[in-house]
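All remarks here apply to the structure that follows.
Numbering (this note's numbering), first residue to last: 178 to 426.
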């Protein structure tokens, strides 16, 4: 309990220091280049009152989660099979290297050119950028599975359901969580680029509008609000889930 309180105090102190540095910096710089925290929070309230903030944030979150689940499902599927099947790994390895090294911007532009400026192209572009990274992480996880455990499970003829949840999943879950964490942080950044380039709504679209009018307070307001939302998701969903699945340890 004491450790929990101490960690909470440290987090609060860290956040307070961040805003203090921000406030001091805004005093020494041009107010148009770096608005104070108070001005940015005022902009957040202003956007919230008109429902603009909630509408565009919801649209972006929807794209983030759809792209996230598509990338996690496909990347995990191919990653595990590549890690367990040497021939398939050799066959798809160059594809994986290509996917990892093609710039995200190129994939986004090509999807918009090929499929048009629509929602399908946006989701596809984001998913394609994330799938190779998930596949690489899960491939390493599949390679690390202890063969002795698999052999014991086969010897006792454990059914497929128990085999996966009792033998395979406990060994894969650290890699699954790692790919999920990195995926969530990467995908929402790519979604903003996708929205900036070819959508008429979302946080990225709003940021582009603020950029055109050099509205720094608006840019910081939407950025701060969305990051805060991602942090809430981290503490309410990701970390409790991580603790639940690690009970076996």
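Where a beta carbon is used, it is the ideal one built from N, C-alpha and C, also for glycine.
- Following the DSSP letters along the chain, one finds residue 229 inside the alpha helix (DSSP H) bounded by residues 229-261.
- Separation of residue 397 and residue 384 (C-alpha to C-alpha, rounded to the nearest whole angstrom) is 9 Å.
- The Cβ atoms of residue 308 and residue 251 sit closer than 7 Å to each other.
- Its chain contains 298 as the residues whose beta carbon lies nearer than 6 Å to that of residue 292, once the 5 sequence neighbours on both sides are disregarded; these appear in chain order.
- One thing to note: residue 315 has its Cβ within 7 Å of the Cβ of residue 352.
- Per DSSP, the unbroken alpha helix (DSSP H) holding residue 224 starts and ends at 214-226.
- The beta carbon of residue 388 lies closer than 8 Å to those of 396 in the same chain, with the five residues before and after it left out.
- In the three-state reduction of the DSSP assignment, residue 306 falls in the helix class, which pools H, G and I.
- Straight across, the Cα-Cα distance linking residue 247 with residue 390 is about 35 Å.
- Using a C-beta cut-off of 8 Å, the region 213-225 makes contact with the region 393-413, since at least three inter-stretch Cβ pairs fall below that distance.
- Counting along the chain, the unbroken alpha helix (DSSP H) around residue 375 starts and ends at 346-375.
- With fewer than 16 neighbouring CB atoms inside 10 Å of its own CB, residue 185 falls in the exposed class.
- DSSP places residue 321 outside both helix and strand once states are collapsed to three, so it counts as coil.
- The three-state reading of DSSP puts residue 411 in helix, counting H, G and I together.
- With a cutoff of 7 Å on beta-carbon distance, residue 371 and residue 236 are scored as not near each other.
- If you look at residue 335, you'll find it isn't in any alpha helix (DSSP H); DSSP assigns it neither H nor E.
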